[in-house]
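These notes are about the structure you will find just below.
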Ligand code: DP6
């Protein structure tokens, strides 16, 4: 017998950034963060998990290519999920012993990985949700976010749709470092994201290693985690609750700038943005000046690609200006979407 289950998981783009680990092994962050989950109709990872005594060993296929599963992060996810299944099997002897069978995971993105878009968040969220479905685990999205976090920090936020916080937690064992819902997608459904591809090249410094260099060498970083991020978390949650786009936008842009300033303050410095990225910032500024109010917000992760948040009612001002100033609106447009585990839209 082959047991099988599947899921899709969304991409999320942070508006208050996670940057820095206080425990690299458990993947515990130095600060809380907030993201917007993008619509899976536009960007998603589709993953199936199967298990059988007929399989020789655990395996993972990513976009058609065999992928290494020996890494500590993937192993931690497998181990955690098997332990949860084993507990169910111990309590109910009629359940098949899936926890003892080799796993076969097959995962595909509907967007090119080569485009330099962060796919680890959707990837690990889908892996965890697919295995949880296969194992029929009763765990809530918050419970599963604890597992996904160990695969990739940002992945814990993709277990929820809408507007999502990752609370850093205080405990040494990480049991309180998990995601929770700030607001459902339906609370503010007119939010849109435009993803501009500034370079399809693979990023130079991975986020995992970049953030560790920042923690170790940046003086500015201390100010960021002690004052700037805690203030941004409060302001961002308020902005989302009140559907206050101007505030949402200002906090997003300031937080992205603060994160990239810490990268520049890392020694030796890390530069993720390029000339196209900076042109996108100028374009957003001129859109807002022309509109006489803030209708667009930029944010950048650990790479040069720009994500612009805007509201549907302002799409002409925003998308029109991007085709004028940057020559095209190439990339992706996405709405705010639902969580892992649901085939939405
Ligand atoms: C800049 O989640 O990729 O996108 O936990 O080491 O896998 P690891 O890092 P990762 O870092 C994401 C950093 C970011 C900001 C964010 O998504 O919050």
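Numbering (this note's numbering), first residue to last: 1414 to 1758. Yeah, the Cβ is synthetic: ideal placement off N, Cα and C, and Gly gets one too.
Neighbour flag for residue i against chain B, beta carbons, 8 Å
i: residue 1625; result: Within the model displayed, chain B is absent; a lone protein chain is all it includes.
Limits of the unbroken alpha helix (DSSP H) element including residue i
i: residue 1500; result: 1485-1504
i: residue 1538; result: 1533-1547
i: residue 1641; result: That residue, residue 1641, is in no alpha helix (DSSP H); it is neither H nor E in DSSP.
i: residue 1628; result: 1620-1630
Residue nearest to residue i in terms of C-alpha spacing, selected from the options
i: residue 1446; options: 1430, 1504, 1439 and 1440; result: 1430
i: residue 1547; options: 1571, 1508 and 1582; result: 1508
i: residue 1604; options: 1672, 1676 and 1652; result: 1652
i: residue 1497; options: 1541, 1424 and 1612; result: 1541
i: residue 1600; options: 1619, 1646, 1657 and 1482; result: 1657
i: residue 1617; options: 1687, 1661 and 1580; result: 1687
i: residue 1669; options: 1552, 1543 and 1428; result: 1428
i: residue 1625; options: 1537, 1676, 1602 and 1660; result: 1676
i: residue 1577; options: 1586, 1597 and 1566; result: 1597
i: residue 1594; options: 1586, 1575, 1602 and 1611; result: 1575
i: residue 1510; options: 1723, 1415 and 1748; result: 1415
i: residue 1478; options: 1637, 1494 and 1522; result: 1522
i: residue 1744; options: 1633, 1671, 1608 and 1648; result: 1608
i: residue 1689; options: 1420, 1538 and 1719; result: 1719
i: residue 1698; options: 1630, 1721, 1602 and 1649; result: 1721
i: residue 1486; options: 1565, 1606, 1627 and 1585; result: 1565
i: residue 1420; options: 1662, 1448, 1702 and 1462; result: 1462
i: residue 1536; options: 1552, 1570 and 1550; result: 1570
i: residue 1692; options: 1727, 1734 and 1655; result: 1734
i: residue 1602; options: 1458, 1450 and 1629; result: 1450
Helix, strand or coil at residue i [DSSP, three-state]
i: residue 1507; result: coil
i: residue 1554; result: helix
i: residue 1408; result: This structure cannot speak to residue 1408, because the chain is shown only from 1414 to 1758.
i: residue 1728; result: helix
i: residue 1670; result: helix
i: residue 1588; result: coil
i: residue 1713; result: strand
i: residue 1479; result: strand
i: residue 1748; result: strand
i: residue 1445; result: coil
i: residue 1396; result: With the chain represented from 1414 up to 1758, any question about residue 1396 goes unanswered, as that position is not in the structure.
i: residue 1604; result: strand
i: residue 1456; result: coil
i: residue 1436; result: strand
i: residue 1578; result: strand
i: residue 1416; result: strand
i: residue 1462; result: strand
i: residue 1469; result: coil
i: residue 1679; result: coil
i: residue 1422; result: strand
i: residue 1664; result: helix
i: residue 1721; result: strand
i: residue 1753; result: coil
N-terminal and C-terminal residue of the beta strand (DSSP E) that residue i is part of
i: residue 1474; result: 1472-1475
i: residue 1521; result: 1516-1522
i: residue 1429; result: 1425-1429
Touching by the beta-carbon criterion (3+ pairs, under 8 Å), the segment 1502-1520 and the segment 1474-1487
yes
Check whether the segment 1484-1501 and the segment 1559-1567 are in contact - that is, three or more C-beta pairs closer than 8 Å.
yes
Closer than 8 Å is the cut-off here; do at least three beta carbon pairs connect the segment 1462-1469 with the segment 1499-1514?
yes
Given 8 Å, three or more beta-carbon pairs between the segment 1664-1682 and the segment 1437-1444
no
Counting pairs of Cβ atoms below 8 Å between the segment 1498-1505 and the segment 1447-1462, do you hit three or more?
no
The segment 1578-1592 in contact with the segment 1660-1667 per 3-pair CB rule at 8 Å
no
Closer than 8 Å is the cut-off here; do at least three beta carbon pairs connect the segment 1634-1643 with the segment 1703-1715?
no
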